[in-house]
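Residues in the sequence shown are numbered consecutively from 1, following full-length UniProt numbering.
Scroll down for the structure; my scribbles are underneath it.
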Amino acid sequence: MRWTPHATVACIIEQDGRFLLVEEMASGQRVLNQPAGHLEQGESFIDAARRETLEETGWLVEPEALLGLYTYYAPSNGVTYHRFCYIARALEQVDGAKLDDGIIGPIWLTREEIEDRRPELRSELVTRCIDDYLRGVRYPLDFIQETA
1 MRWTPHATVA CIIEQDGRFL LVEEMASGQR VLNQPAGHLE QGESFIDAAR
51 RETLEETGWL VEPEALLGLY TYYAPSNGVT YHRFCYIARA LEQVDGAKLD
101 DGIIGPIWLT REEIEDRRPE LRSELVTRCI DDYLRGVRYP LDFIQETA
């Protein structure tokens, strides 16, 4: 059997000192995560980041920089995830947007509020990515070269 990592995207969206997160159900538990999900066949990473954020939060966003590529092994399911995390600007909330199954809804929290809810975080990547963002880590969008 060949080992295959899962390619995912996520977005860090900060506005007025608060970060856009998603409350969702995972393995029967209510958890907090960045808007995130799997890359679909034929989709660019940036398009996937826009799509996943809309599907999970109802917000249109525009990626402005790459925060980084994070590798995470999930002990709960034995899967290794390669997360391409973007920094995005919130454009507008779409009225009546239909959210993905399992999504409770979007929530804006400060870094301190996120820390207070640490037991609810889907993974350690939630705070790791936010902390990298707060430290000023940024890469240009063209750091990842994609072909059509």
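Glycine included, C-beta positions come from ideal geometry on N, C-alpha and C.
Rounded straight-line distance, which links the Cα of residue j to that of residue i
i	j	result
P35	M1	31 angstroms
A49	N33	14 angstroms
A97	A74	30 angstroms
Simplified DSSP assignment, three categories, for residue i
i	result
T110	coil
L91	strand
I130	helix
L141	helix
residue 156	The requested residue 156 is not part of the displayed model; the chain covers only 1 to 148.
D116	helix
Beta-carbon proximity check, residue i vs residue j, cutoff 7 angstroms
i	j	result
E64	I87	yes
A7	H82	yes
Y70	L125	yes
Identity of the residues DSSP links to residue i by a beta bridge
i	result
G105	E23
Y121	For the record, residue 121 in the displayed sequence is Leu; it is not Tyr. According to DSSP, which records beta bridges pairwise, L121 is partnered with L32.
residue 221	Nothing about residue 221 can be reported from this structure: the residues present for the chain run from 1 to 148 only.
| request: Any chance you could list the beta strand (DSSP E) runs of at least 3 consecutive residues sitting entirely within the segment 2-72, in chain order? | output: 6-15, 18-26, 29-33, 36-38
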